[in-house]
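Notes follow once the structure below has been shown.
Next comes the structure, spelled out in structure tokens:
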């Protein structure tokens, strides 16, 4: 049996929320999608989340909302981040940080496990995302059984099981990272262990969507949901002034046309074999 998962790139401000609300329900219906993950860390005026913006994303059809380095921008949102299981922050931040880095959700007789991780290259040097994933798996399923194929039996990588069906879950990962090399490295590390790994954070959709050798669907960056005629969703003039003058002017979201024109929703849809957990296709949404 084939099931379908949609992952949507960073929603930027009110224009991003408007295009998400306008297009995501149609995408779900047209593709008969079974599960939807949306990155919402920039939904509230371009930085962070609020209860209102989270509710709008969930009402548009998201099952889980993932975050990134801006997820704590709105301090009033911290209690929501702590209490609402459907919104995540990167799991490799210290345990004292509000929120959780993973959630397991039962939907249509399928257990969907969603993990949110953050990269370290050119970003805050937090805990290792590779080890963070392994530690989450140990919490979920305990000891594992197979040595990673990229390393010799004497290598340092922990053992794992490639039988995703035995784990009983379809596993989706949002890797919020700057470095394309780090994103690809984690993808190969998790190949055969997760059904879909998608990068976020750069707001620029990449054209490298593919199925890795052991069955994991991958794209380096989902892209952005917001105003296309912009610089990563932000007002071009302000971004140019920051770049030219090296003064950190406060960035503001770019404005869509009067009828919402000039905005786009970006992401991927992946088909996954429910019996094996392996992806069989991945297609860009733009």
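In my numbering, the protein residues as written are 7 to 292. Note that the Cβ used here is the ideal one computed from N, Cα and C, for glycine as well.
Which residues bound the alpha helix (DSSP H) around residue i?
i	result
residue 188	186-196
residue 246	242-251
residue 86	84-89
residue 25	19-37
residue 57	57-66
To the nearest whole angstrom, what separates the beta carbons of residue i and residue j, a pair I think is in contact under 8 Å?
i	j	result
residue 278	residue 66	Actually they are not in contact, since the Cβ atoms of residue 278 and residue 66 sit about 22 Å apart, beyond 8 Å.
residue 227	residue 210	6 Å
residue 25	residue 249	Contact flag wrong, Cβ pair sits at about 26 Å.
residue 181	residue 131	About 16 Å separates the two Cβ atoms, so there is no contact after all.
Is it the case that the Cβ atoms of residue i and residue j are separated by a distance below 8 Å?
i	j	result
residue 110	residue 94	no
residue 34	residue 46	no
residue 288	residue 272	no
residue 196	residue 222	yes
residue 79	residue 128	no
residue 123	residue 96	yes
residue 232	residue 18	yes
residue 276	residue 203	no
residue 9	residue 280	yes
residue 16	residue 48	yes
residue 225	residue 205	yes
What residue from the options has the CA that sits closest to residue i's CA?
i	options	result
residue 118	84, 179 and 60	179
residue 139	221, 116 and 200	200
residue 215	193, 231, 232 and 75	193
residue 254	37, 36 and 246	246
residue 283	18, 90 and 175	175
residue 219	205, 286 and 281	286
residue 91	104, 100, 256 and 98	104
residue 198	205, 207, 206 and 177	177
residue 69	50, 51, 114 and 102	114
residue 72	57, 108 and 50	108
residue 21	50, 102 and 85	50
residue 13	268, 83 and 120	120
residue 56	217, 83 and 77	83
Beta carbon of residue i: closer than 7 Å to some heavy atom of the ligand MG?
i	result
residue 24	Looking for the ligand MG in the displayed structure turns up nothing, as the structure carries no ligands at all.
Note down the Cα distance separating residue i from residue j, rounded to an integer number of angstroms.
i	j	result
residue 163	residue 27	The predicted model places residue 163 with a pLDDT of 44, which falls under 50 and marks its position as unreliable, so this point remains unresolved.
residue 167	residue 116	For residue 167, the predicted structure reports a pLDDT of 44, less than 50, and the residue's modelled location is therefore unreliable. The matter cannot be settled from this model.
residue 87	residue 23	19 Å
residue 75	residue 43	17 Å
residue 187	residue 81	32 Å
residue 53	residue 252	20 Å
residue 89	residue 274	28 Å
residue 300	residue 260	Outside the displayed span of the chain (7 to 292) sits residue 300, for which this structure offers no information.
residue 7	residue 189	29 Å
residue 30	residue 41	12 Å
residue 191	residue 208	17 Å
residue 99	residue 125	11 Å
residue 241	residue 229	17 Å
residue 258	residue 244	8 Å
residue 85	residue 133	23 Å
residue 142	residue 112	18 Å
residue 77	residue 102	15 Å
residue 239	residue 137	32 Å
residue 58	residue 268	24 Å
I'd like the span of the beta strand (DSSP E) that includes residue i, first residue to last.
i	result
residue 277	273-279
residue 291	285-291
residue 124	116-124
residue 211	No beta strand (DSSP E) contains residue 211, which DSSP labels as neither H nor E.
residue 177	175-182
residue 80	Counting along the chain, residue 80 falls outside any beta strand (DSSP E), and DSSP gives it neither H nor E.
residue 200	From DSSP, residue 200 is part of no beta strand (DSSP E); its letter is neither H nor E.
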